[in-house]
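Residue numbers (this note's numbering), protein chains in the order written: chain A, 16 to 260; chain B, 16 to 260; chain C, 16 to 260.
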């Protein structure tokens with residue numbers, strides 16, 4: 016049975032700004048979620064917020080790329096992410112690869128060393144950028160990492176592929192064995208852009224995509240949770256995700 | 016060469032309500048269709064309508080699920096469907112599986128016995144519900160039925176998969192050998208829902224889906240036929256479907 | 016590295032009508048394109064325009080089908096296309112197959128003879144018609160041509176498949192080895208029709224399609240280039256296409 020996570024970004028930057036992630040996390044748990052994903056980009060005062068969130072979060076999501084512009088391993092960003100996950104008591108740190116490129120392969124050894132010093136599990140996410148979200152970029156990265164002895168799991172965001180013109184089913188087929196965590200994001204197309212929606216409202220063949228991934232992985236809500244009764248909205252969203260096969 | 020069927024639901028509940036299925040069936044045949052699919056949910060007085068439709072219908076579509084809520088085989092519903100098809104002189108009865116579940120497997124023997132007493136062919140349709148329209152539900156069902164010695168054909172609705180977030184091409188690949196009858200329904204996405212449209216107006220890769228199914232099966236129009244000159248609209252729709260490879 | 020072509024139809028019939036293809040070609044080259052595709056349907060006075068375009072065009076696009084209505088090889092149309100390409104100094108002639116049918120197979124020998132007399136390379140394009148743009152039509156044609164000893168390359172239009180309800184990834188898988196030139200056309204769906212848009216704005220999984228085709232082929236812009244500063248718009252479009260893997 017999949018555990019259900021709420022990515023706190025689902026409440027929107029404005030709402031999280033008003034109430035803080037502690038309030039949002041409590042609401043998510045009250046709505047039936049098993050845990051939350053804390054968002055680094057939405058922290059206002061991490062020194063006080065992270066300890067207050069401890070015990071509620073299974074994942075810390077870092078807004079920083081693992082490789083900085085130019086292809087250098089950003090050990091400091093990784094360190095910040097690991098420390099935040101540690102402070103939360105979260106077992107997992109989610110990051111995108113950033114500007115990983117051919118010249119970055121040597122730095123995989125540095126990554127290996129840094130990860131050997133922690134029990135936090137680093138999960139690589141496909142984001143909405145070409146360098147860290149297109150399929151060849153990710154396949155190349157995981158292969159290079161494996162050759163360097165760094166076996167990493169993946170956060171599979173079901174929706175982000177559309178922003179890049181990638182086929183999520185092809186991505187699932189190529190990356191399935193890496194996946195440890197699923198961001199359940201449906202998509203709809205507005206004239207000028209893609210938007211995130213609940214899976215049930217998605218135009219994508221989301222059941223086929225989900226089926227192509229390993230079963231029983233933690234699944235996160237990552238689409239706007241909005242409404243007058245936010246608890247009820249979240250409860251419904253959690254229940255719907257839990258009811259999926 | 017495929018025979019062309021008009022599902023009488025294509026004329027819409029309001030129009031069928033005004034004119035009755037006999038009137039609609041005559042119109043469909045006058046427009047060049049080879050036969051019609053009579054809809055159980057649109058019958059007003061089956062005792063008089065079914066005999067009046069006799070000779071025009073190749074399929075009777077039952078609105079009842081084969082398995083009732085809770086997973087019990089609804090032999091009575093099946094009996095009603097078979098009787099209606101018999102009264103129509105239709106060779107085929109179309110039903111969805113309803114609430115077939117793990118506990119329902121034993122009742123497949125009952126289905127086998129009941130079907131052995133009729134020459135009507137039961138065709139299972141993928142509808143728009145998770146339990147009777149998602150791909151795993153149907154694959155599981157057909158496999159279980161086959162193991163119980165009940166080999167059933169399928170009505171493949173090309174559009175319904177979209178309502179469930181399923182990929183119609185994956186469904187066609189998985190179920191093609193079962194398919195005996197095709198509901199030719201294109202789809203478009205409105206902001207809040209999918210709608211049925213002619214294949215030529217579909218956003219789906221409908222030629223690829225159709226090609227993945229056996230050739231020369233009967234094909235039904237099942238999308239809104241609307242217009243001031245309903246005969247001309249229907250004639251065009253029939254001709255277009257007949258012209259497909 | 017792919018060479019970047021601008022199909023002059025991208026500027027729109029009205030703009031081309033006002034300024035002529037020579038003006039448009041100069042603008043495209045000034046915007047960084049390597050060459051242009053000259054459009055037969057937009058020529059006003061080919062006797063003067065073609066020589067004036069000489070040296071700027073790599074492709075001449077004929078608006079005529081290779082096989083005329085009824086299935087007859089239109090040697091005259093082919094001749095006109097070859098002559099235009101010759102006058103341009105373009106190495107390639109792009110045509111659709113038109114009304115190629117079973118009865119046309121014999122005329123492939125005529126095509127072979129006619130092509131043996133020129134060094135212009137004929138590239139077959141998938142257009143938006145069933146007879147010359149659906150996948151079975153093209154597969155059948157290329158196979159028949161090959162059996163007749165005529166090995167032809169293809170212009171793969173990434174967008175046209177959608178107009179026909181074909182799956183571009185299936186088409187790419189089936190035809191990839193034929194492809195010599197790619198029309199990079201994204202698509203969006205308006206309520207009543209498909210429209211061509213830049214790849215970056217496409218709802219199709221265009222990166223997956225492009226990846227399924229041979230690398231390093233010439234790539235053409237063929238979607239509306241519109242704006243107050245047409246040079247800047249074209250420069251951006253060329254740069255974006257050139258930046259693709």
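The beta carbon of each residue, even a glycine, is placed where N, CA and C say it ideally should be.
Predicted model, so just to flag it, every value in this text is computed and none were measured.
For residue 96 of chain A, the secondary structure class from DSSP, reduced to helix, strand or coil, is helix. Rounded to whole angstroms, the Cβ separation of residue 232 of chain B and residue 17 of chain B is 6 angstroms, and the two are in contact under 8 angstroms.
The beta carbon of residue 206 of chain C sits no closer than 8 angstroms to any beta carbon of chain A. For the stretch 206-239 of chain B, the beta-carbon criterion of a distance under 7 angstroms to any beta-carbon of chain A is satisfied by none of its residues.
For residue 39 of chain C, not one C-beta of chain B is nearer than 8 angstroms to its own C-beta.
Less than 8 angstroms separates the beta-carbon of residue 222 of chain B from that of residue 180 of chain C. Residues are counted here when their Cβ sits less than 8 angstroms from a Cβ of chain B; for the stretch 122-153 of chain C these are 149, 150 and 151, given in chain order. Neighbours of residue 260 of chain C in chain A, taken as residues whose beta carbon is under 7 angstroms from its own, are 151 in chain order.
From the listed residues C:95, C:103 and C:89, the smallest Cα separation to residue 52 of chain C is found for C:103. Boundaries of the beta strand (DSSP E) around residue 198 of chain A: 194-199. Closest option to residue 237 of chain B, judged by alpha-carbon separation, among B:54, B:168, B:37 and B:47: B:54. The shortest C-alpha to C-alpha distance from residue 260 of chain A to any of B:36, B:151, B:202 and B:250 is the one to B:151.
When 7 angstroms is used as the limit between beta carbons, residue 85 of chain C is near no residue of chain B, the shortest such separation being about 17 angstroms.
DSSP, reduced to helix, strand and coil, places residue 80 of chain B within a strand of the structure shown. Excluding sequence positions up to five before and after residue 153 of chain A, its CB lies within less than 7 angstroms of the CB of 141 and 190, all in the same chain and listed in chain order. Residue state for residue 203 of chain B is assigned as strand, using DSSP reduced to three classes.
The C-alpha of residue 147 of chain C is placed about 24 angstroms away from the C-alpha of residue 226 of chain C. Distances from the CA of residue 224 of chain A to each of A:243, A:240, A:198 and A:100 were compared; the closest alpha carbon is that of A:198.
Using a Cβ distance threshold of 8 angstroms, residue 202 of chain A and residue 219 of chain A count as a contacting pair.
Classified as buried, residue 64 of chain A has 16 or more neighbouring CB atoms from the shown chains inside 10 Å of its CB. For residue 126 of chain A, the enclosing alpha helix (DSSP H) stretches over residues 123-131. Under DSSP, residue 111 of chain B shares a beta bridge with B:80. Scanning chain C for C-beta atoms nearer than 9 angstroms to the C-beta of residue 184 of chain B yields 182 and 185, reported in chain order. The C-alpha of residue 135 of chain C is placed about 7 angstroms away from the C-alpha of residue 101 of chain C. Annotated three-state conformation of residue 24 of chain C is helix, per DSSP. In the DSSP annotation of this structure, residue 211 of chain C is not part of any alpha helix (DSSP H); the continuous beta strand (DSSP E) holding it starts and ends at 209-212. Taking 8 angstroms as the cut-off, the Cβ atoms of residue 20 of chain A and residue 61 of chain A do not count as close. For residue 228 of chain A, the three-state secondary structure derived from DSSP is coil. By alpha-carbon distance to residue 110 of chain A, the top candidate from A:88, A:211 and A:230 is A:88.
Residues 80, 82, 83, 84, 85, 86 and 146 of the same chain have their beta carbon placed closer than 7 angstroms to that of residue 114 of chain A, with the five preceding and five following residues left out of the count. Taking all protein chains in view, the Cβ of residue 94 of chain C is surrounded by fewer than 16 other Cβ atoms within 10 Å, so the residue is classified as exposed. For the C-beta of residue 190 of chain B, not a single chain A residue is nearer than 7 angstroms; the gap to the nearest is close to 13 angstroms.
Distance from the CA of residue 32 of chain C to the CA of residue 239 of chain A, rounded to the nearest whole angstrom, comes to 48 angstroms.
Taken through DSSP and simplified to helix, strand or coil, residue 237 of chain B comes out as coil. In the DSSP assignment, residue 249 of chain B falls within the alpha helix (DSSP H) that extends over 245-258.
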